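Structure first, then comments.
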Amino acid sequence: MQEKETKKFDKQNFFELVYQVVRLIPKGRVTSYGLIGQYLGSKKSARMVGWAMNNAHGLADVPAHRVVNSVGLLTGKAFFETPTQMQELLESEGIIIKKDQIQDFDKVCWNPIELNEELV
DNA sequence: GCCTTGACGGGTG
DNA sequence: ACACCCGCCAAGG
Numbered sequence: 005m006q007e008k009e010t011k012k013f014d015k016q017n018f019f020e021l022v023y024q025v026v027r028l029i030p031k032g033r034v035t036s037y038g039l040i041g042q043y044l045g046s047k048k049s050a051r052m053v054g055w056a057m058n059n060a061h062g063l064a065d066v067p068a069h070r071v072v073n074s075v076g077l078l079t080g081k082a083f084f085e086t087p088t089q090m091q092e093l094l095e096s097e098g099i100i101i102k103k104d105q106i107q108d109f110d111k112v113c114w115n116p117i118e119l120n121e122e123l124v
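Taking my numbering, the leading residue of the first sequence gets 5, the next gets one more, and so forth.
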């Protein structure tokens, strides 16, 4: 009867959680690995988020192009089919990018934690 | 089974 | 202001 209540996110769910969050990113908005890590409970696990994205690489449901590092740099552009794919997609959504660097990053930065608090 | 790497972040020098 | 180092957690070799 007692369903195992996971007080902590299972590593398997961890990837799924990341996919969910990335999937929830509104168009024209971006987020950082660190923010996702914070949302999952560990702000220092940004690397795991990146790892999760690597698994997400190939999932069309996960707009990885909307995920950048804390400085708004397209660090993961090299993982796309083309090194410009990420920039093109972001620019197509209204985001301005210069030299793999998102302009007005503070404006397009989307924090999943705020969304959570909003729902609360 | 241990060590290294990895789409990061923050702190110290 | 820039560069280097450590820390986090998981997976691949």
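Ideal placement from N, C-alpha and C gives every residue a C-beta, glycine not left out.
Keep in mind the model is a prediction, meaning the values are calculated, not measured.
Item                                                                                                                                                                         : Value
For residue 106, which residues of its own chain have a beta-carbon under 8 angstroms away from its beta-carbon, when the five flanking residues on both sides are left out? : 34, 72, 76, 77, 78, 94, 99, 100 and 112
Check the C-beta distance from residue 54 over to residue 48 and give it rounded, since I have them as a contact under 8 angstroms.                                          : Residue 54 to residue 48, Cβ: 13 angstroms. No contact.
Identify whether residue 86 lies in helix, strand or coil by the three-state DSSP scheme.                                                                                    : coil
Ordered along the chain, which non-local residues of its own chain (more than five positions away) have a Cβ less than 7 angstroms from that of residue 83?                  : 61
The alpha helix (DSSP H) with residue 110 in it runs from where to where?                                                                                                    : 109-112
Do you know whose CA, among 38, 21, 103 and 27, lies nearest residue 67's CA?                                                                                                : 27
Do residue 104 and residue 91 have their CB atoms nearer than 8 angstroms?                                                                                                   : yes
My guess is that residue 52 and residue 18 are in contact by the Cβ rule of under 8 angstroms, so how many angstroms apart are they, rounded?                                : 7 angstroms
For the alpha helix (DSSP H) containing residue 38, name the first residue and the last one.                                                                                 : 37-44
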